[in-house]
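A.B. asks: Residue 89, in our numbering, is where the sequence shown stops; the numbers in between run on with no holes.
No residue lacks a Cβ here, since even glycine has one placed at the ideal position from N, Cα and C.
Note that the structure is a prediction, hence the values are computed from the model and not measured.
First, the structure itself, so that you have it in front of you.
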Amino acid sequence: TNYSFSSPVNGKDRSDKLFDIFAPPGPLGIIIDTTPEGPMIHSLKPTSQLLGLVNPGDLIVGLDGVDTRNMTAATFTRLMA
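Okay, structure coming up:
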């Protein structure tokens with residue numbers, strides 16, 4: 009599964025740091041919040057497959073080519089399943 013993320017570069021501007029992560033199937037071990045910008049990583053569990061790859065505050069902007077910026081955390085979670 010391909011996840012696309014936007015990470016804050018200087019606290020507010022996300023436009024300079026976009027990156028993709030390819031994750032294997034199964035639980036990712038991330039807690040997601042709903043924000044006006046879209047689903048955002050709130051925290052990672054100690055067993056998360058994404059530890060060291062993403063950080064709290066990273067915005068999830070895509071999943072397998074689907075733009076997720078207007079989704080709630082609940083909608084995004086359903087899309088992941």
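Taking the alpha-carbon positions, what's the N63 to S15 distance?
C.D. replies: 8 Å
A.B. asks: Report the rounded CA-to-CA distance for P44 versus F27, giving the unit in angstroms.
C.D. replies: 20 Å
A.B. asks: Report, in whole angstroms, the separation of the C-beta atoms of L61 and G37, which I expect to be a contact under 8 Å.
C.D. replies: Actually they are not in contact, since the Cβ atoms of L61 and G37 sit about 11 Å apart, beyond 8 Å.
A.B. asks: Would you decide whether L59 is buried or exposed? Buried here means 16 or more other CB atoms lie within 10 Å of its CB.
C.D. replies: With a threshold of 16 other beta carbon atoms within 10 Å, L59 falls short and is exposed.
A.B. asks: With respect to the alpha helix (DSSP H) encompassing L87, which residues constitute its N-terminal and C-terminal limits?
C.D. replies: A81 to M88
A.B. asks: Under three-state DSSP, which class holds D41?
C.D. replies: strand
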